[in-house]
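**Q**
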Amino acid sequence: MVKNVKIGKGNVFISAYNRDDLFLKQSVAEKNLLATSTDLEFEFDLPQGVYALSAYQDINNNKKLDFGIFHIPSEPTGFSNDFHPKFSAPQFKDAAINLNQPAKEIVIELK
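For the record, in the sequence shown the residue sitting at position 61 is 397 according to the working numbering, with numbers rising by one throughout.
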């Protein structure tokens with residue numbers, strides 16, 4: 337589930353990554369959800385393993401995450417493990433979750 341979505345403001349993009357070297361570069365699964373509620377449910381059908389999830393709300397609908405000064409995202413972002421980086425881009429290990437059992441609920445809060 338993605339929380340803290342701004343209703344009516346573009347789409348929310350969620351991506352799943354399974355490799356450190358491809359984190360935030362090449363996902364293994366993606367979802368694109370219309371921002372119709374403050375909480376949006378999503379589901380990935382992923383095999384067991386270690387994954388890191390990222391989400392962002394594309395407020396201006398330009399199909400990309402926008403950045404401001406010092407390359408800080410200017411649109412709401414969030415990661416699995418409720419990780420929110422302070423001064424640098426997140427690393428795979430920061431958001432990594434172990435999906436060894438099916439149907440695990442993950443909550444990502446956009447900030």
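Even glycine gets a Cβ: it sits at the ideal position worked out from N, Cα and C. All values reported here derive from a predicted model rather than from experimental measurement.
Among N398, I343, D430, whose alpha-carbon lies nearest the alpha-carbon of Y353?
**A** D430
**Q** I want to check one thing, is the minimum distance from the CB of G385 to the heavy atoms of the ligand MG below 7 Å?
**A** Summarising the ligand content, the structure contains no ligands, and the ligand MG is consequently not present.
**Q** Specify the secondary structure class of D381 as computed by DSSP and reduced to three states.
**A** coil
**Q** Suppose contacts are defined by Cβ-Cβ distances below 8 Å. Is L376 in contact with S351 by that definition?
**A** no
**Q** Specify the secondary structure class of S424 as computed by DSSP and reduced to three states.
**A** coil
**Q** May I ask which residues mark the beginning and end of the beta strand (DSSP E) holding N347?
**A** 347-353
**Q** Looking only at C-alpha atoms, which of D356, H407, L360 sits nearest to F349?
**A** L360
**Q** Which partner residues of V386 appear in the DSSP bridge assignment?
**A** V386 pairs with N434.
**Q** By Cβ distance below 8 Å, which residues in the same chain neighbour K447 in space, the five residues on each side in sequence not counted?
**A** N340, P412, T413, G414, H420
**Q** Helix, strand or coil for L369 per DSSP?
**A** strand
**Q** Does DSSP classify L358 as helix, strand or coil?
**A** helix
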